[in-house]
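What follows is a short report on a single structure.
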Amino acid sequence: MIRSNYPDPREPVVMDAFTAGWTLAPCSLRDVQGIPHALRAPKARAVTLYELRGGTDAFAAVKLYARYYAEELDCDLPRVPAADAPRDGLYHWLWVMPSRDEGFRALGAAQFRVRTDVIGVDFFVQMELCYLHPCARHRGIFSLSWPRFIRRLQRIHVPEPTMALKISLYGKPTVTLGTDEEHQVRCYTEQPECRFHGGLMQQSSPSLWQCWGKGEDGNVCKESWTARANLRNAKEQ
Ligand SMILES: [Zn+2]
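Structure follows, in structure tokens:
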């Protein structure tokens, strides 16, 4: 876990005196403005996911994690606005934990953008950045956050997911938006869609969704959707 008394939080990349290796310093911030969601991750101590509403420190943290993200994945740097710039159609999230020396330590950041520019496709939200500091990975933090993201943003498209994201999102309900094959977009949703009606199904138990839609013949649709077995096992553990 990220140490709450990390040597120098202002320096993003530091030489670790013990291992003589380079270390990615987690960001620290004095305060966070936003809507907090406490996450009960057994291996992650007191982690809070904030949907950001502003704050210079917080947006500097998102910017730094965007840099780490682009470095690690060797991809284009996601464009993160400054704290006082307009953020229409953008959603920012920050994972933080309390720190002993300077308020909070940021564990990771995510940015989503509303897309309304794909021909023949209703609006959806695209994940542009999702980065957890290496010390904050494998602790269930992302998995616990996903239901918050999906409830808030409804339809999330994840372009070129990393292996970690693929594993984490395996078996989650999706819908395909758009009728023109060239422009179809696959999005994660809270509920799966019925392949006969195209409507969203209702969840009736943690791993079971059912359509219950009325067909043209007046009969109730019996179509159901079950989360894959491994997802079910993971939830029960
Ligand atoms: Zn149906």
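In this text, residue positions in the sequence shown follow this note's numbering: the first is 1084, and each later residue adds one. By construction, the Cβ of each residue, glycine as well, lies at the ideal position given by its N, Cα and C atoms.
Sorted by position in the chain, Cys1277, Phe1279, His1280, Cys1294, Gly1296, Cys1304 and Glu1306 make up the residues whose C-beta lies under 6 Å from a heavy atom of ligand 1.
In this structure, glycine 1191 lies away from arginine 1113, with their beta-carbon atoms at least 7 Å apart. Per DSSP, reduced to three states, the secondary structure at alanine 1121 is strand. Under DSSP, histidine 1175 takes part in a beta bridge, and its partners are Gln1194. Spatial neighbours of serine 1288 in its own chain (CB-CB distance under 8 Å, excluding positions within 5 residues in sequence) are not present. Annotation: the continuous beta strand (DSSP E) that includes valine 1268 extends over 1268 to 1271. Rounded to whole angstroms, arginine 1269 and aspartate 1184 show a C-alpha spacing of 44 Å. Remark: C-beta atoms of proline 1161 and arginine 1170 do not approach each other more closely than 7 Å. Rounded to whole angstroms, glycine 1138 and isoleucine 1239 show a C-alpha spacing of 25 Å. Aspartate 1263 sits exposed, since fewer than 16 C-beta atoms from the chains shown fall within 10 Å of its C-beta.
By the neighbour-count criterion, in which a residue is buried when 16 or more other Cβ atoms sit within 10 angstroms of its Cβ, valine 1303 is exposed. The shortest C-alpha to C-alpha distance from aspartate 1159 to any of Gly1117, Glu1243 and Pro1181 is the one to Glu1243. Looking from the CA of valine 1208, the closest CA among Tyr1214, Thr1199, Gly1282 and Leu1215 belongs to Thr1199. Just measuring C-alpha positions, the residue of Gln1267, Leu1283, Leu1236 and Arg1231 sitting nearest proline 1256 is Leu1283. The beta carbon of leucine 1236 is closer than 8 Å to those of Tyr1174, Phe1195 and Val1208 in its chain, skipping five residues each way along the sequence.
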